[in-house]
Structures are given as structure tokens and as C-alpha cells.
Amino acid sequence: MQQMTRTKLKLAFLLLIAFVPITMATFAFRSASESGFFGGTVNKGNLINPPADITDLAMLDAAGNPVFRSFDELVAELESDDDYEPQPWHIVFVNAQDCDSSCRERIHLLRQMHITLNKNTPRVRRYYLEAGDLAANMSPLSQESREHFRAEFPSMGVAFADEASVENNLAAKGVELNLSDDNYIFFVDPVGNVMMYYDSTHGIDEIKTDLEKLLRHSSLG
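My numbering applies: residue 7 is where the sequence shown begins, and numbers increase by one.
Spelled out as C-alpha cells, the structure:
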């Protein structure tokens, strides 16, 4: 038991060392953006400070199982630092309605943006999160949208969430959303910090500008 405790403490220490650059890069981005450090301009998106956790998005797979766990939970289950798999940055598109033509166009533009990251493309993964009333329908995504996503966006993850849970979880972190009226895009860093979001008024170029800055100032993920 003592040996296992020492192993986990060592693992936690090693992972802390590894991920300090990520969290520091995120913090530096917030601070520098707010002060206009980046070329005299501020960030384009809305900063979440302090950040929410990826579990606050309450993302479930089609079977109702959580898609993500908190970083603390992940570390607690590892026996060795060799067992840890580095995580990417995540772009999560959250929508509470069925994905209509404007929604599909937005997702298409996000994919094109992702591709144009070039060498940084593997550092980022995209998710579509359909938020609805899961008590009434566990998989609110229409069959047409499912088929469209499989054909057009096979590398994009698809998840589900309860609309009220997402809104309430993020409201507790100071983020007020209205999913019934708008869709949102979230940036999540490799240790699960939900640290920035965008609504439909933000252009893809604005989102790309912020993402490239984050990737440039983060050594991992």
C-alpha cells in the first residue's frame, strides 16, 4: 500500500511538472490578452476566469456514459506515469437544436480552420455536443444529422448533454448561456480547463486567431 501511494505521488509530481507549461500558457494568454500584449489587441473570444472543467459540459456518449473525466480523476487511476496518454486541445461546438444548414456550415468552417493549422492539426480534436432534454430523448440528434456527420465529418466526435445541466454548470462558473437561442464554441486545454468560448457572432477567423496564439504559447497538448 505504501509503495502504491509513493508511486501515485511520484506520478502526480511528474504530471504536474509536465503540465505546468500548459496551465501557465493559458494563464499568460488571459493576462496578456487582457493587457493587449498580443500585438496591441485583445482576445476575440470570451475568457472564462477562473476556467470551468470539461466535466461541466456534461458530455455523454450514445450509451449515456461520460466522455471525459476530470484531470484529477484521471491521474488518481494511473499506476505509472507510463500509463498516461497526453491529451489534445479540444474544440467543442455546443448546439441545442437539430443541426440545420447554418449549423452544418459552421461545423464545415471549423473543420477547414482545423486543417489550416497545418503542423498543429494533430494537437486539436473537434467535438459536436448536442444539448437537449435527455430525460425525454437520450440521443436527440436526428438520423439525418447522424448520417451527414458520418459522411462529412468522420473525425469529429459526437456527444450529448442535458441542456439545463450545461447551462447550470457553467452559470456556477460565471458563464451565462442561452442554448435555446444560440450555439457556442468552447476551447478546452489538455488538462481539461474550459477557458474560452465564442457565440455565433464570432467569425471563424477570430476563433482561429485565438487558437493559434494558444497553441503557440503552449508547449504541450
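Where is the CB? At the ideal position from N, CA and C, for every residue including glycine.
_Ignoring anything shorter than 3 residues, give me the beta strand (DSSP E) runs that lie fully in the region 82-127, in order along the chain._
The region 82-127 contains these whole beta strand (DSSP E) runs: 95-101.
Exercise for review: Give a yes or no on whether the C-beta atoms belonging to Ala165 and Leu185 are separated by under 8 Å.
Suggested key: Taking 8 Å as the cut-off, the beta carbon of Ala165 is found no closer than this to the beta carbon of Leu185.
message: In the DSSP output, what is Val194 paired with across the bridge?
response: Listed as beta-bridge partners of Val194 by DSSP are His96, Val200.
Q: Flag this pair as yes or no: are the beta carbons of Ala137 and Asn175 separated by less than 8 Å?
A: In this structure, Ala137 lies away from Asn175, with their beta-carbon atoms at least 8 Å apart.
*asked:* Rounded to whole angstroms, what is the Cα-Cα separation between Ile28 and Leu220?
replied: Interpretation of Ile28 is limited by its pLDDT of 47, a score under 50 that renders its predicted location unreliable; no figure is taken from the coordinates.
Worksheet item: How would you call His114, buried or exposed, if buried means at least 16 neighbouring beta carbons within 10 angstroms?
Response: Exposed, by the Cβ-count rule.
Exercise for the section: Compute the Euclidean distance between the alpha carbons of Gln93 and Asp106, then round it to the nearest angstrom. Expected result: Taking the straight line from one Cα to the other gives about 31 Å.
Asp177, enclosing alpha helix (DSSP H) - first and last residue | Note on residue identity: the sequence assigns Ala, not Asp, to residue 177. Per DSSP, Ala177 belongs to the alpha helix (DSSP H) from 169-177.
(Q) Once the 5 residues before and after Asp216 are set aside, which same chain residues still bring their CB inside 6 Å of it? (A) Contacts found: Asn49, Lys50, Gly51.
Report task. Measure how close the beta-carbons of His96 and Arg131 come, nearest whole angstrom, since I'm counting them as under 8 Å. Result -> Rounded to the nearest angstrom, the Cβ distance from His96 to Arg131 is 5 Å, consistent with a contact under 8 Å.
Self-check item: Extent of the continuous alpha helix (DSSP H) to which Ile213 belongs
Solution: DSSP places Ile213 inside the alpha helix (DSSP H), whose first and last residues are 210-223.
- [ ] Note down the Cα distance separating Asn189 from Asp168, rounded to an integer number of angstroms.
- [x] Take the alpha-carbon of Asn189 and the one of Asp168: they are about 14 Å apart.
*Between Lys179 and Ile54, is the Cβ-Cβ spacing less than 8 Å?*
Yes, the pair counts as a contact, with Cβ atoms nearer than the cut-off.
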